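Taken in order, the sequence shown gives residues -6 to 167; the numbers are from the working numbering. Right, one structure below, let's go through it.
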Amino acid sequence: MPQKLLPASLLLSIFFFSKPAFTQIKVGHISIQELVSAMPEYKKAAAEIDDYEKALIQLGEEYRAEYRKQDSTFVADSAQWNSATREVKRKELNSIYLKVINFNQEAQQMMTKKEQELLLPIQQKAVQTTQAVARENGFSYVLSKEQLIAYPATDDLLPLVLKKLNIVVQGSQK
């Protein structure tokens, strides 16, 4: 009989003295987009991206103006040129056209690279701060608010993360 009590007492002590298997899971949500757009670093990066984009647009316009000028010259003067000159000018015009086309593609790549270069560290900071706030406040999971259809307002981590980052959102009571 005492041998039968040993396993039972062992099970009872495990049950009473161990952490329950079914602990409360705390799930929160946050809009990383709202968080990032509230960060001062984002405002600075967005201004830098806008300036960069304007410079690329200006350069593209200059290339297109150069092409239009050369094209007009070619159309106006090509009848007066001999075939060798016309062929050289046509190749120059094609070269400028390719320069415009390639620049458009390259400008898109340059913009994407610049956005990633400036925004990735900000997004990483937002995610790392959100993870820290979740740990500090006992959240097991934090979901992206943009992916949720319905959610309780009380589980929104945005006010806590903004507070940790010392960001005051104007017009917000959070």
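For glycine and all other residues, C-beta sits at the position ideal for the given N, C-alpha and C. Quantities reported herein were computed from a predicted structural model and do not represent experimental measurements.
Please state the DSSP three-state secondary structure of residue i.
i      : result
Val154 : helix
Gly21  : strand
Thr147 : helix
Gln73  : helix
Leu26  : The displayed chain sequence assigns Gln, not Leu, to residue 26. Helix, per DSSP.
Gln163 : coil
By the DSSP assignment, the alpha helix (DSSP H) with residue i in it spans what residues?
i     : result
Leu86 : Ser76 to Glu129
Ile42 : Pro33 to Asp70
Would you list the residues sitting across from residue i in a DSSP beta bridge?
i      : result
Val135 : Gly21
Please state if the CB of residue j and the CB of residue i are separated by a distance shorter than 8 Å.
i      : j      : result
Ile23  : Thr123 : yes
Ser133 : Lys37  : no
Ala100 : Gly53  : yes
Val154 : Leu49  : no
Ala127 : Val135 : yes
Gln17  : Glu139 : no
Trp74  : Lys84  : no
Gly21  : Leu141 : no
Phe96  : Tyr56  : yes
Touch test, the region 102 to 109 against the region 28 to 46, Cβ-Cβ under 8 Å, three pairs minimum | A contact exists between the region 102 to 109 and the region 28 to 46.
Do the region 87 to 107 and the region 67 to 75 make contact, defined as three or more Cβ pairs closer than 8 Å?
-> Taking 8 Å as the limit for Cβ pairs, the verdict is that the region 67 to 75 does not touch the region 87 to 107.
The region 23 to 35 in contact with the region 142 to 161 per 3-pair CB rule at 8 Å | They touch, by the three-pair rule.
Are the region 90 to 100 and the region 48 to 61 in contact at 8 Å, needing three or more beta carbon pairs?
-> Short answer: they touch.
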